[in-house]
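Residue 161 in full-length UniProt numbering sits at position 161 of the sequence shown; the count goes up by one each step and never skips.
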Amino acid sequence: MAPLTFEKPLCGLSLDMFNKDFVHEHVWELEHGDATKKVNFVNNMKLTKDGRLFGFTNLKGECSWVRGEVKLQSAGTSHVDVATTAPLYKPLTLHSKFAFDTAKKNNVLTLAAEHALPFNTTQFKFFPYEDKFSAFSMLHLKGNTWTLTAGGEVTGLKKDPYGSHVVGAAYKNACCSRTYQLAARVFGDKEVPVKTVVGNVYASAARGFGQNAFAATVEHKLEDASNKLKFAGLWYMAGGTANAHCYLKGKCDSDGQVAVTVFQRFNERLAAAVGIDFNAKTQPALTNVNYGFKFLLS
């Protein structure tokens, strides 16, 4: 629903391995979802480690060439998002998103125009309240099983159009139930053109119902010559089906942070997950461990 990000075509598979499906952030979480062909409805409630209870309701819908999303949270930022595909020119999509936090009196308006062709994707994004913008363009070269992508993104302010930049390239190959993706990105600004270099590796292979996967990230900062490594893995148990499957997902980094989540779908209506997060370099203590349970109903 949200506008495409610059990282998604380059290393989206790797980033999802580190950012999605971990449930240690809240003590427990209950989510109920219902979906039809063009409407998706989700209710979610969470209990934090310090005893706060909050939740959100999310509704997505599609009608002809208009897509909409409304997310209302009891605490934090809510938003209304509308995307329109030009009826007479389908490569062009216009996005508008209004996010608001009534408690902090913080409002953010995002306007975006995205032009997508098989060989090129270009996007311009503007934040009127902040006089801030970002723009990127990338080229796609495709073969039978492989895709080569390269491009760059610039962000800045109205008074200073050139603030920072990202340049990246990626190679992806999907063949015979296996997928591989290699990506590299360079971050910098007008004063220091090269500040940080980040490399991503992703590999997956079909196993029963799902895809076993591995991802690795290396981040090198030129200022202090420091390096950070991150690894993530996803393993599906054998014999699973769409309505009954189980997987184990974990990640770790060179700072000692470790997270593990086990997910089990029991049937078409019920699923559950349990997760834990801790730092392996610190002395074991209950206060240093984050854990969570999540139940999903549909």
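Heads up, the beta-carbon is just placed ideally off N, CA and C, and yes, glycines get one too. Predicted model, so just to flag it, every value in this text is computed and none were measured.
Can you tell me which of the three DSSP states Glu62 falls into? strand
Using DSSP's beta-bridge definition, name the partner residues of Ser204. Thr179, Ala213
Using the Cα positions of Asn279 and Lys20, report the straight-line distance between them to the nearest angstrom. 19 Å
Identify whether Phe100 lies in helix, strand or coil by the three-state DSSP scheme. Strand.
Anticipated Cβ contact below 8 Å, Lys97 with His79, distance rounded: 6 Å
Contacts around Thr241, its chain only, beta-carbon distance under 7 Å, and the 5 residues preceding and following it disregarded: So the qualifying residues of the chain are Phe209.
For the beta strand (DSSP E) containing Asp34, name the first residue and the last one. 28–35
Would Leu201 pass as a contact of Leu182 if the rule is Cβ separation under 8 Å? Looking at the sequence itself, residue 201 is Val, so the reference to Leu does not match. Contact: yes.
Assign Asp131 to one of three DSSP states: helix, strand, or coil. coil
According to DSSP, residues forming a beta bridge with Asp277: Ala259, Asn290
Can you grab the Cα-Cα spacing for the pair Met237 / Leu139, in whole Å? 38 Å
In chain order, what residues of the same chain lie with their CB nearer than 6 Å to the CB of residue 300, ignoring the 5 residues before and after it? Given a span of 1 to 298 for the chain in the structure shown, any question on residue 300 remains unanswerable.
Length of the line joining the Cα atoms of Pro193 and Thr145: 34 Å
Rounded to the nearest angstrom, what separates Val42 and Gln73 at their Cα positions? 12 Å
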